[in-house]
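Single-structure report; data block below.
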Amino acid sequence: MIRPKVLLAVVTLTALLAGCAGAGSSTGAYVDDSVITSKVKTRLYKDKTTSGWDIKVASSGGVVQLSGFVKSEAEKTKAGELAKGVQGVKSVSNDLIVKP
């Protein structure tokens, strides 16, 4: 189980990094994407069948990209499903690599 302090740190860091992005999109879009990223990460950390720490999450315009390594095709599929289930996600680019 993820510790609340660690989860809070991840969410806070994600929000802060979103503020560092350059001009080109509205502030609202950055906030929306950082919220989406945080929610996807939270779902991955809480799910017992996914390696939340080994999966990197990025989002832009509601499109979520998953990258990193997982142990099975089932874990890759589950991570994609968890990401798709987050409100505001338009599509998921599941670039996870299965590495048993």
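What the sequence shown shows, in mature numbering (1 follows the signal peptide of the UniProt record, and there is no 0), is residues -23 to -1, 1 to 77, in sequence order. Even for Gly, the Cβ is constructed at its ideal location relative to N, Cα and C.
query = When you compare only the Cα positions, how much space is there between residue 49 and residue 9?
reply = 30 Å
query = On the three-state DSSP scale, how would you describe residue 44?
reply = strand
query = Can you tell me the Cα-Cα spacing of residue 31 and residue 65, whole angstroms?
reply = 23 Å
message = Looking only at its chain, what residues have a beta carbon closer than 8 Å to the beta carbon of residue 67, apart from the 5 residues adjacent to it on each side?
response = 38, 39, 40
Close beta carbons around residue 53, own chain, < 7 Å, minus the five adjacent residues each side = 47, 71, 73, 75
inquiry  = Looking at the ligand HEM, does it come within less than 8 Å of residue 19, judged from the CB to the closest heavy atom?
reply    = With respect to the ligand HEM, the structure offers nothing, as it holds no ligand at all.
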